[in-house]
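From first to last, the protein sequence lines stand for chains B and Z. Take 1 as the starting number for the first sequence in my numbering and just add one per residue. Take 1001 as the starting number for the second sequence in my numbering and just add one per residue. No residue lacks a Cβ here, since even glycine has one placed at the ideal position from N, Cα and C. Here the structure is a predicted model, which is why all the values come from computation and not from measurement.
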Amino acid sequence: MMELLLDIASWFLLIIGGAFVFIGGVGALRMPDFYTRMHAASLTDTLGTILVLTGIILQAGLTLATIKLVAIMVFLLLTSPTAAYALANAARLSGLAPERELSNEKRP
Amino acid sequence: MITLFGVFLLTLLVITAFGIVRAQHLFVSVMLTGIFSLQMAAIFFILDAADVALTEAAVGAGVATVLMLSALALTENRERPTRPRWVPVIVVSATTLMVIYATFDKPLLGDPDAPVHQHVAPWYLENTPRLIDVPNVVTAILASFRGYDTLGELFVIFTAGIGVLFLMANPSKPGAVSLFAATEAEGLRHHLVPRVVGRLLVPFIVLFGLYVQFHGDYGPGGGFQAGALISAGVILYALVDGEGKALEAISPRFLRGMIAGGALLYVGVGIAGMLLGGNFLDYSVLAQDSIAGQHLGILLVEAGVGLTVTGTLLTVFHSFAARDQQER
């Protein structure tokens, strides 16, 4: 019974995480300008990472793999937002301005 | 499932390769090269070559990208437009067709009857536990059975390091400003987050490098991977805190010592074996017990490899960075 519940929980997390990663990918392709694309990719990537890795941890149970997965998660949670920040910051410093006006008429 | 992953990754690899060739902006090409290496590492991993995957990820996606970027700082950002040249296109197409034709004769992936699995591999797999007794057969082959080959590889890296020193080195002045000094001066405020996180990560990267170095007998890893990881950590330190700080931590003199010392250590272990009555690079005579001797020999030889690789990669990085400062 316990195992079944764990399985359901872990698959739920994995599917939700995969959905977030997918939405991030779609956002990175579809959003109008650089900063909104970054926003879509970075935010959902972080959330997707947490959900997917938690799902895998539930599958792994209390083993050495769990410790490794937690280490990977901590590493990704530190580096992924930092990379997103550095990218956006570099774009801003090099003079790329966010698009202010985003009316539907401008976009086909 | 693995086949699906493999096809997916190989398709991505081809797309990335076309992207590298097609991109006019060299910065884009360099970034795609890093992605290419990462995909290669993933492919190596699903082929169960964890040692190679680790090397490819650390060298290809990590250190090589930084080196290419430092080289890019010395040159223009854009490729000069060239007319399409037909001779290379024809040669490449013909070669591609021949290679594709040759793959029809290739045994299937993982086929136990494939010639590679029939030749020396069974002998290594059978005799490693008896003769060397380390769980990672790759390390046993690399450092002991095939010690000569690895010595040759080490000398290749050694020669490359010396070549770069000859071509690009300038006597480093104390307090020299470098490639990244500009960002350092103006960007303290702007780059606070990467700096803080980078500093936080450096010790863990170096620690992981040391783990890979000394755990190579038991898991994937060894001198090459550890050297790449440790130098990636030090390069990260140079990127966030300025190259001067990194040079203060490990001086160019010390780096040159590492390049030569690692190769010397490798050869020294071989000669020690000769003096103790064995063959060159025969580690069995290094200790009373032949297996203990093998363990000691592999440890020392891997340490030599790690030293030379770290020294060479860092020297190449510093040479590029110093060169940029000269040009300005």
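The Cβ atoms of Gly48 (chain B) and Gly27 (chain B) lie no closer than 7 Å to each other. Pairwise C-beta distances place the stretch 82 to 92 of chain B out of contact with the stretch 58 to 68 of chain B, as fewer than three of them are shorter than 8 Å. For Val1052 (chain Z), same chain residues with a beta-carbon under 7 Å away, outside a window of 5 residues either side, are Phe1044 in chain order.
The C-beta of Leu69 (chain B) comes no closer than 7 Å to any C-beta of chain Z. Under the three-state reduction of DSSP, His1025 (chain Z) is assigned to strand. By the C-beta criterion, the stretch 1069 to 1086 of chain Z is judged to be in contact with the stretch 1008 to 1027 of chain Z, since at least 3 inter-stretch pairs fall below 8 Å. For Ser1093 (chain Z), the enclosing alpha helix (DSSP H) starts and ends at 1086 to 1103.
The straight-line gap separating the alpha-carbon atoms of Leu77 (chain B) and Gly1216 (chain Z) is approximately 28 Å. Cβ neighbours of Ile1020 (chain Z) within its own chain (closer than 8 Å, five residues either side excluded): Ser1029, Leu1032, Thr1033, Phe1036. CA-CA distance, Leu96 (chain B) to Tyr35 (chain B), rounds to 9 Å. Scanning Z:Leu1009, Z:Ile1015, Z:His1318 for the CA closest to the CA of Leu1167 (chain Z) turns up Z:His1318.
Val1285 (chain Z): not part of any alpha helix (DSSP H); DSSP gives it neither H nor E. The Cβ atoms of Thr1312 (chain Z) and Gly1161 (chain Z) lie closer than 7 Å to each other. Fewer than three beta-carbon pairs drawn from the stretch 1187 to 1206 of chain Z and the stretch 1288 to 1299 of chain Z are found closer than 8 Å, and the two stretches are therefore not classed as touching. By the Cβ test, the stretch 1118 to 1130 of chain Z is not in contact with the stretch 1059 to 1070 of chain Z, since fewer than three Cβ pairs between them sit closer than 8 Å.
Judged by DSSP in its simplified three-state form, Arg1083 (chain Z) adopts coil rather than helix or strand.
Remark: C-beta atoms of Leu1012 (chain Z) and Gln1039 (chain Z) approach each other more closely than 7 Å. Counting along the chain, the unbroken alpha helix (DSSP H) around His39 (chain B) starts and ends at 34 to 60. The Cβ atoms of Leu1236 (chain Z) and Val1212 (chain Z) lie no closer than 7 Å to each other. For Val1197 (chain Z), the nearest CB of chain B lies under 7 Å from its own CB, placing it at the interface with that chain. One finds nothing in chain B with a Cβ atom closer than 7 Å to the Cβ of Leu1074 (chain Z); even the nearest lies about 20 Å away.
Chain Z places a beta carbon closer than 7 Å to that of Leu78 (chain B), counting this residue as a contact. For Leu1265 (chain Z), the CB contacts under 6 Å within the same chain, skipping 5 residues up- and downstream, are Gly1304 in chain order. With respect to the 7 Å criterion, Ser1070 (chain Z) and Phe1320 (chain Z) are classified as neighbours on the basis of their beta carbons. For Asp1113 (chain Z), same chain residues with a beta-carbon under 8 Å away, outside a window of 5 residues either side, are Pro1107 in chain order. In the three-state reduction of the DSSP assignment, Arg1146 (chain Z) falls in the coil class. In this structure, the alpha-carbon of Glu1056 (chain Z) lies about 30 Å from that of Ala40 (chain B).
The C-beta of Val1028 (chain Z) comes no closer than 7 Å to any C-beta of chain B. Think of a sphere of 8 Å around the beta carbon of Tyr85 (chain B): the chain Z residues whose beta carbon falls inside it are Val1193, Pro1194, in chain order. Spatial neighbours of Val1301 (chain Z) in its own chain (CB-CB distance under 6 Å, excluding positions within 5 residues in sequence) are listed in chain order as Ala1143, Tyr1266, Val1269.
Around the beta carbon of Leu1151 (chain Z), 16 or more other beta carbons sit within 10 angstroms, so the residue counts as buried.
Gly61 (chain B) and Phe75 (chain B) have their C-alpha atoms spaced approximately 20 Å apart. Interface criterion met: the Cβ of Thr82 (chain B) is under 7 Å from a Cβ in chain Z.
Nearest Cα to Thr44 (chain B) within the set B:Ala84, B:Trp11, B:Ser94: B:Ala84. Contact between Val1134 (chain Z) and Tyr1218 (chain Z) holds: their C-beta atoms lie close to 7 Å from each other, under 8 Å. One Cα belongs to Ile1132 (chain Z), the other to Ala1263 (chain Z), and the distance between them is close to 23 Å.
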